[in-house]
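The next block holds one structure in the form of C-alpha cells; read it before the comments.
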Amino acid sequence: MTTSTGEAIQFWVLGIVAVLGALGTVGMRKAVHSALCLAGTMIVLAVFYLAQGAYFLGIVQIVVYTGAVMMLFLFVVMLVGITAADSLKETIRGQRAAAVLCGIGFGILLIAGIANASLHRFTGLAQANAGGNVEGLARLVFTTYVWAFEITGALLITAAVGAMVLTHRERTERPATQREQSEARVREGRNVTPLPAPGVFARHNAVDVPGLLPDGTPSELTVNQTLRARGQVRDVGGEQERRVRKLEQRSDEYVEGVTEGEGAPEGGRDRSGDNDGANHAEGAAK
Amino acid sequence: MDPLIGALVGAPLLGAGILLVGGRRLDRTGHWIGCLWAAVSFVIGVVLFADLLSRSPAQRTLTSHLFTWVPVAGFQADVGFQLDQLSMTFVLLITGVGTLIHIYSVGYMEHDENRRKFFGYLNLFLAAMLLLVLADNYLLLYVGWEGVGLASYLLIGFWQHKPSAATAAKKAFLVNRVGDMGLSIAIMVMFTTFGSFAFRPVFAHVGDVSQGRLTTIGLLLLLAACGKSAQVPLQSWLGDAMEGPTPVSALIHAATMVTAGVYLVVRSGAIFNAAPTAQLAVCVVGAVTLVFGAIVGCAKDDIKKALAGSTMSQIGYMMLAAGLGPIGYVFAIMHLVTHGFFKAGLFLGAGSVMHGMNDEVDMRRFGALRTYMPVTFVTFGLGYLAIIGFPGLSGYWSKDKIIEAAFAKGGTEGWTLGAVALVGAGITAFYMTRVMLMTFFGDKRWQPDAEGHEPHPHESPKIMTIPMSILAFGSVFAGGLFSINSAFLKWLQPVTGHSDGHSPVATWEITVATLVVLILGVGLAWQSYGRQAVPAVAPRGSLLTRAARRDLLQDDFNHVVLVRGGEHLTRSLVYLDHTVVDGAVNGTAAGVGGLSGRLRRLQNGFVRSYAVSMLGGTAVLVAATLLMRGV
Amino acid sequence: MSFPLLTVTAVVPAAGAVVTAAVPAARRTAAKWTALAFALATLVLAAVVTARFSPGGARYQLTESHAWITAFGVRYELGVDGIAVVLVLLTAVLVPFVMLAGWHDADPLETSDRRWRPTQGFFALILLVEAMVVIAFESTDVFLFYVFFEAMLIPMYFLIGGFGDQAGAHGEDEQARQRSYAAVKFLLYNLVGGLVMLAAVIGLYAVTAHQLGAGTFSLPQILHDRANGTLTLSTTAERWIFLGFFFAFAVKAPLWPLHTWLPNAMGESTAPVAVLITAVVDKVGTFAMLRYCLQLFPAASKWATPVILVLAVIGIIYGALLAVGQRDIKRLIAYASISHFGFIILGIFAMTSQGQSGATLYMVNHGVSTAALLLVAGFLISRRGSRRIADFGGVQKVAPLLAGTFLVGGLATLSLPGLGPFVSEFLVLVGTFTRYPALGVIATLGIVLAALYVLVLYQRTMTGPVKAGIEGMKDLKVRELVVVAPLIALLLFLGVYPKPVTDVINPAVKDTLSDVHRTDPPPKVTVPAVAAAKENAK
Amino acid sequence: MNPANYLYLSALLFTIGAAGVLIRRNAIIVFMCVELMLNACNLAFVTFSRLHGNLDGQIIAFFTMVVAAAEVVVGLAIIVTFFRSRHSASVDDADLMKL
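Each protein sequence line maps, in turn, to chains A, B, C and D.
Mapping the first sequence onto full-length UniProt numbering, position 148 (from 1) lands on 148, and the numbers just tick up by one.
Mapping the second sequence onto full-length UniProt numbering, position 459 (from 1) lands on 459, and the numbers just tick up by one.
Mapping the third sequence onto full-length UniProt numbering, position 223 (from 1) lands on 223, and the numbers just tick up by one.
Mapping the fourth sequence onto full-length UniProt numbering, position 78 (from 1) lands on 78, and the numbers just tick up by one.
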C-alpha cells in the first residue's frame, strides 16, 4: 500500500530539507542560525502533518512552534547573547566520539527496529477524518482525553507561573540615584565625565560605531558593552584616520596655492595642535 | 466437697494477691491478713480431711476439674485437682506447719519494714506448694513446682540489699531450674509415650511401655527431685539458702518445699516400680546425700547451715526410702511428716536464739543459753531428741522403719543401703548433739556484733514460742500416734501400695543397732564438745573437716567449672559475635564502599556525559527488545 | 459488598499518622492525644475484627478483593486466618502502650524553633508503622504483603535513627553516630532480605504466569490451584523461591546468624521503639514464615527443615549465652529476644500442631512480655540516664514498684509457669520433642540460661546496696503504671487461661499443617488423648 | 511510497537531535535539539495515527506539543536565570552534580 506520487515527491524533497535543517541546528556556530534552521525543519514537519491528514496539528505546529516557541528561543538568544559556549570545540575528553557512536548506534537500531516492524496494515485517515479532522480531534479531546486535557491546562498555567517565578528578580536595595552614581565615579576617579557618546566624527551615529579620540583612534568606551562582548563593534578607526589625513593634505595644498599672506594663519589655525612647535619656530625665525 | 479443693489453693493465693497488690496501706495489718488466709486454708484442709475419713478407704480420692488450660490438638492440659490420702497428708503438713510459721513470723519479722511483702510471699508459697501436691497432672504439678521455686527465690533473697542474699536466691533458682529441666523433659517424654501427662492415664498404661522409656522418665524425675530436694549433685543451693529469714528456712527449706522431691518420687511410684534401675538410682542418690549432708552438718559452725546439712541428710533418708519402692513409700512420707515437725521446730528454735543474740549465727559465739531462753531450750531439745531418733519420739518411729526397709531390700544392695542408713543415724546423733552442746551448754562465748552491741539473750515473745511449743509437741508424739496399729500405713496404703519385705535382720536387732550407733554418736559429740570447752575460733581441723566446711568442695567445683567456664564462654562468644558474625557483614559493607569509591570517578558532573550514558543505555535496551523479538 | 472492616483497621492508623503529623508544632500535647486516640480506635477495630472472626469457619475471613495492578495480576486482597487475627490484635494492643511509654521521648530539648516538630513526627511514625504492620498481617496477596513488608522499614528507620534515648554509654555525638549506624544497619539488612524476596516474588509470578496463563499473587488462588493440580512447582523452582522468601523472613525475625542488626537497633533506639521493633515488626517475619513459606512451598519447607531447626536451636542457646555476656540492659534484652525468636522458628518448623500453635502463641506472649520488660527497663534507663548495667544497683530499695514490675517482666521472659510465655514455650518444646527429641532437649537448656541472664540482670540492677546515682530515683509514675499494669495483667491472663487464644489459633494451624501434609506423630501407647483427658476430668 | 518512510525520517531526526544534545554546549542549542527530538516523535505519532486510521496518535502529538510548549517556557526561564548567575549558557558550567 503506498501513497500518491505527489506526496512521495514532496516527501523526498522536503525530507532532505528537514534533515539539512536538523543538521544545521546541530552544526551552526551561532545560536541564532541554529534557531532559524530549526524553524525551517519545523515548518517542513508542519507540511508533512498536513500531508498526512493531520490538518489541525499542521496548523498548530506552524502557529505554536514556529510562531511562538521559536520566537521565544530567538528572544532568549538575544537576551543571553553569544558566549564562549558557542565554540564547537569539545572540552570533555571522548565526549564527542562517544556521542557520535551512541547516536549512530541508536539511529541504526531505531531504523532497524522500524524496518522489521510489520507496517503493512495501512488504513488512511479517510473515514477517521470523515467528520472533519478538527471535529474528530475535538471529540476525542473532550471525551476520552478530557482529563488529560484539563491536566495539561493546569500544567501550562503552572509553567507560566514557574517561568515568572524563575525569571523575576527581587530588587533588594534602593537603586542608586544619579547623584550617588556621579559621586561614586568621583570617588573612584574613573571617567568622571559621562561616557563619550558614540558616533563622533561619524558618518552616522549608530550605536555600533565607536567614537574617535582626537588622534582618530576609536574608543571602546563609547560602545554598548553587549555589542563589545559580541564583538559587533563596527571597525571604523582606520577609515576615519585616512579621511583626516586627506583633509590635512587638501588644506596644505590650499595654503601653498594661496602663497604668503593671510592664508597662513588660517592654515596655522587650521593645523591641529601637533604643529604648534613649528609655528613657534617660524615665529622665532622672524 | 470438690470445689473446696480449689478453695484450698485459692485462699492463700488470694491472700498473696491482696498483700502484694494492696501496697503500703496494708503495712499495718498485712501480717494478720497473711496469717488469716493461711489459717483458712488449714481449716479447709481439716474439713476435707474429715470428709476423707468419713469415706471408705477406696473412695478416698476426690478430683475436681476446674477448666481446660491448654488445649492444642493432642495436647490437653487441664487445671484439675486430685485429693487423695497422699495429697491430704501434705496438705495438712503444709497448711498446719505453714500457719504456725506465719504466726511465728509475726513476731520474728516485727521490725522489718517489708513485713507485708514477706507475708505476701509466704502466702504465695503456700498456694504454690498446695498446687504442687494437689495437681492431677504433671504439667500443673510443674506449675506448682516452679511456683515454690519462685517463692523460695523471693524469700531467700528477701533481704535484697544484702548481696549475699541476692546471690543465694539466684543460685537457688538456677540450680532448681536445672532440676525443672529434668521435669519438663520428663513431661515431654510422657507426652510422646502416653499422649498425655495426667496421672491416671499415665499410671494406667505404664504396663504397655518399654522399660527403657520408663527408666528414662524415672531418671528425669529423679533429676527434678534432686534439684528441689537438694540431693547430690544439685544440693549446693540449700546451704546458701539459709541467707533467708529463719522462718523461711523452717517452712520452705526444712519442712515442706525441699520434700517436694520425695513427693514427686512417691507420687510417680507406678513408674518407678516398673523401672528398677531408676529406683536404684534414687536409692543411691538418697544414700549419698544422706552421708554427704550429715558430714557437712558436722563441720558447720553456722547453726542454720548445720541444720541445713541435717535437712539434706534427712531428705536423703526419705529418698532412700522412696527408692526402695512399695516397702519404703509409706515410711518416706511418714519420716517426711515427722521431719517436718521437728526440723521446723529446730529451725524456729535457732531463729529464736538468733533473735535473742542480735542475729548471731556462729555457734562458737553461743553457749550456755539454756538458762536465758528456757522455752527455746526445751522445744529445741525435744526436736533434737526427735531427730536423733530417741526411742519413743517421732524420729525413732520413722527412721527405724526406713533403716529396716533398707535392709529388707535384700542382697548386697540391701546391706549397703542399710549400713549407710545406720551410719547416717550415728552421724546425725553426733552433729545434732554438737549443735545442742555448742548452743545451750558450755560457757558463754558471746561477742558483740558488728555495731558493737553486747548481746543480751532473752526469751522470745509468746507469739514465737507458742508455735515452737506446738511443733515440739508434734515432734514428740506424731511418730507415735502414726504408729498406733500402723494407722499411717493403713491410711496411705491405698495410694502408695505397701509390701512387707521380710528383712534378713530382725526388727529388734535393727533397733538395738540403731540405739548403739546413736549412743556412740552422742558420746563422741559429748567427748569433743561437752567435756572440753569449745574454742571461740574454729580450729583448722582435719582435711575432711575443712572440706566439709566448704560443702565438700562442691561449690568450688561449681565455681571453677561452671561459673568461670561460663564467663569465659560468654565473653568469647560476645567477642566472636562482634568480630566474626558482625565483622563479616561490616566487611562486605566496607568492600562495597570501596568499590563505589572507584565507580564515583565516572560521575564527572557533566550533564552531557550523563546524557551519553542515557542514550547508550537506551540503545542497549532497544537492541535487547529487538533481539527478544528476533528470538 | 460488605463493610471493608480490615481495610478500615489499617486505614485508621494511617489517617491518624497524617492527622498527627499535621498538628501545629506548638501543640505537642494535642498531637500526642490525637495519636493515642487513633491508636485506641484501631484497637477497638481490631477487637471488632476478632469478634467477627469465627474460629473453625472459612480459612480466610472478612476477605476483601479488588484488582490493583491488573497487568501483573496483583490484587488488593485482604483476609485473616486465626493466626493473623491474633497478631493484628496484638499489634493494636501494644501500640497504645508504646505511645504512652514514649510519651515524653520525643519532646524537643529546646522549643525555640517553631517549625521543629519531632513529637508529631514520632507519634505519626508509630501510627504509620502500625498501619503497615496491620495490612501486612491482613493481606492474602503475596505482592501486597511484600510492598508493606518493605515499606515498614522506612518509618522504622526514622524511628531508630531519629529518636535515640539520651542514655548512651558514650558522649552525645558518639551516641548519635552509633544511632545512625544502627539505623542504617537495620535498613540495609532488611533491604537486602527484601531484595532477595523480591526476586523470589517475581519468580513466583513467572511460575504462575507460565502455568496458569495469567500470573497471580493471590495466596488463596495459588493454594486452590495447587490443590486441584493446575499449578505444580518444579522441585528446584520451589526450593529457590522458598529460599528467597525465607531469607527475607529470617533476617526480619531474626534467625541466627542474621541477627546482628537487632542488638544495635534495639540498643540505640528508645525503649518504646525497641518494643516496636521486636514485639511488632519482627513478628511479621515469623508470621510470614508460617503463612507464606509453609503454605506456598510445603515440599521445600520440609526439605529445608533440618537446617532451619538447627539454626533455630543454635539461635536459642547462642542468644541466651550472649545475653548473659552483655553489659548493656537493652542489648541484653535484644539477645534474649533472639533466643526467643529461635524458639518461635523452632516451633514453626517442627511442623507439629503443638509446635505451631505454641509458636503463634509465643509471638503473642513474647510481644507482651518483652514489651513489659523493655518498657520498664526504659523507665529505669531514662531515670538513671544510662544503659550500662554496672551503673545500677539496689534500685528495689528506692523504687520497689519499678523493681517489682521489672522482676515480673523478667520472670515472664524466663517463662515462669503462670505467666503467658511458659505455655507457649512449653508447647513449642513439646511440639519439637515429639518429632526431634534431641533438638527438644537441647532447646530445653535454653530455659536454664534464660533464668541465668534474667536473674543476673535483676541481681545486678535491682538488688544489693544502693549505688551512687540511684539514691534519688523516683518510683513509677501513674502514666507508667497505666502502661505496665495492664501488660502484667495480660501476661497473667495468658498464662492462666490461654484457651481463648489457642481456640482461635488451632484451626489455622490445622490448615497449615494439612498444607504441609504433616500429622502429629502418634504417642507410643495409643491412649486417645481426648479419652485420656476425659478419664482425667471425671 | 510507503508511509513508513515518515517513520525513518522521524528516527533520523530524532537521532540527529540526540547527537546535538550530546555535542553542543550552549544550553539554548541543546534545548533546541531537544525540541527537535520531540518534533521527530510527533511526526512518528502522526504517521502512526495515519497508519492505524484513528486520531489517537494525533491527540498524543497534540499533547506533546502542549507539554513541549510548557517545557520550553520553564526551560528557557531556567536558562535565563542560570545565565544571570553564571554569566554563561554553557551546560558544562553546571557540573555541581559531581562528587
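Glycine included, C-beta positions come from ideal geometry on N, C-alpha and C.
Since we're looking at a predicted model, the values are computed, not measured.
N- and C-terminal bounds of the alpha helix (DSSP H) containing residue i
{"i": "C/Gln354", "result": "353 to 384"}
{"i": "A/Gly131", "result": "Looking at the DSSP string, A/Gly131 is not in any alpha helix (DSSP H), and its letter there is neither H nor E."}
{"i": "A/Leu110", "result": "95 to 115"}
{"i": "B/Ser152", "result": "138 to 156"}
{"i": "B/Ser310", "result": "303 to 323"}
{"i": "B/Ala254", "result": "Segment: none, B/Ala254 is in no alpha helix (DSSP H) and carries neither H nor E."}
{"i": "C/Lys499", "result": "499 to 516"}
Residue i, buried or exposed, once every other Cβ within 10 Å from all chains shown has been counted against 16
{"i": "A/Tyr145", "result": "buried"}
{"i": "C/Thr434", "result": "buried"}
{"i": "C/Glu150", "result": "buried"}
{"i": "B/Glu451", "result": "exposed"}
{"i": "B/Gln314", "result": "buried"}
{"i": "B/Pro12", "result": "buried"}
{"i": "C/Leu414", "result": "buried"}
{"i": "A/Pro218", "result": "buried"}
{"i": "A/Pro265", "result": "With a pLDDT of 48 at A/Pro265, under the threshold of 50, the modelled position of this residue cannot be trusted; read the value that follows with caution. Under this definition A/Pro265 is an exposed residue."}
{"i": "C/Lys252", "result": "buried"}
{"i": "C/Ala10", "result": "buried"}
{"i": "A/Asp252", "result": "exposed"}
{"i": "A/Phe142", "result": "exposed"}
Residues near residue i in its chain [Cβ-Cβ closer than 7 Å; skip 5 each side]
{"i": "B/Lys171", "result": "Trp237, Asp240"}
{"i": "C/Ala209", "result": "Gly215"}
{"i": "D/Ser49", "result": "Leu55, Asp56, Gly57, Gln58"}
First through last residue of the beta strand (DSSP E) which encompasses residue i
{"i": "B/Gly593", "result": "From DSSP, B/Gly593 is part of no beta strand (DSSP E) but of the alpha helix (DSSP H) over 582 to 600."}
{"i": "B/Gly80", "result": "75 to 83"}
Own chain residues within Cβ distance below 6 Å of residue i, not counting five before or after
{"i": "B/Ala306", "result": "Gly297, Lys300, Val435"}
{"i": "C/Ala265", "result": "Ile160, Ala182, Phe186, Ile277"}
Cβ neighbours of residue i in the same chain (closer than 8 Å, five flanking residues each side left out)
{"i": "C/Leu407", "result": "Tyr458, Met462"}
Self-check item: chain D contacts made by the segment 35 to 67 of chain A, where a contact means CB separation under 8 Å
Solution: Ala35, Leu38, Thr41, Met42, Leu45, Phe48, Tyr49, Gln52, Gly53, Ala54, Phe56, Leu57, Val60, Gln61, Val64, Tyr65
Self-check item: Residues within the segment 194 to 205 of chain B neighbouring chain C, beta-carbon criterion of under 7 Å
Solution: Phe194, Gly195, Ser196, Ala198, Arg200, Pro201, His205
Exercise. Tell me the start and end of each unbroken alpha helix (DSSP H) in the segment 125 to 175 of chain C that is at least 4 residues and wholly inside, in chain order.
Key: 142 to 151, 153 to 162
Quiz item: When you check each C-beta in the segment 11 to 30 of chain D against every C-beta of chain B, which residues fall closer than 7 Å?
Solution: Ala18, Val21, Leu22
Self-check item: Inside the segment 49 to 114 of chain C only - alpha helix (DSSP H) runs reaching at least 4 residues
Solution: 82 to 101
Quiz item: Unbroken alpha helix (DSSP H) runs of length 4 or more, entirely within the UniProt region "Disordered" (170 to 199) of chain A: which are they?
Solution: 178 to 188
Quiz prompt | Members of the segment 36 to 47 of chain D near chain A, C-beta cut-off 8 Å | solution = Leu36, Asn39, Asn42, Leu43, Val46, Thr47
Practice problem: Could you run through the segment 73 to 99 of chain D and flag, in chain order, every residue whose CB is less than 7 Å away from some CB of chain F? | Solution: In the displayed structure, chain F is absent; the protein chains listed are A, B, C and D.
Practice problem: Quick one: which residues of the segment 375 to 397 of chain C get their C-beta closer than 7 Å to a C-beta of chain B? List them in chain order. | Solution: Gly394, Gln396, Lys397
Quiz item: In the segment 604 to 615 of chain B, which residues sit with their C-beta less than 7 Å from some C-beta in chain A, listed in chain order?
Solution: Phe606, Arg608, Ser609, Val612, Leu615
Exercise. Give the residues from the segment 570 to 585 of chain B that approach chain C closer than 7 Å (Cβ to any Cβ), ordered along the chain.
Key: Thr570, Arg571, Leu573, Val574, Asp577, Val581, Asp582, Val585
Self-check item: 4-residue-minimum alpha helix (DSSP H) runs that sit fully inside the segment 180 to 262 of chain C, ordered along the chain
Solution: 219 to 227, 235 to 252
Exercise. Would you list, in sequence order, the uninterrupted alpha helix (DSSP H) runs of no fewer than 4 residues that lie entirely inside the segment 487 to 575 of chain B?
Key: 487 to 496, 507 to 525, 543 to 549, 554 to 558
Quiz prompt | Whole beta strand (DSSP E) elements within the segment 62 to 129 of chain B, 3-residue minimum | solution = 62 to 72, 75 to 83
Quiz item: Mind listing which residues of the segment 107 to 133 of chain A have their C-beta closer than 8 Å to chain B's C-betas, in chain order?
Solution: Leu109, Leu110, Ala112, Gly113, Asn116
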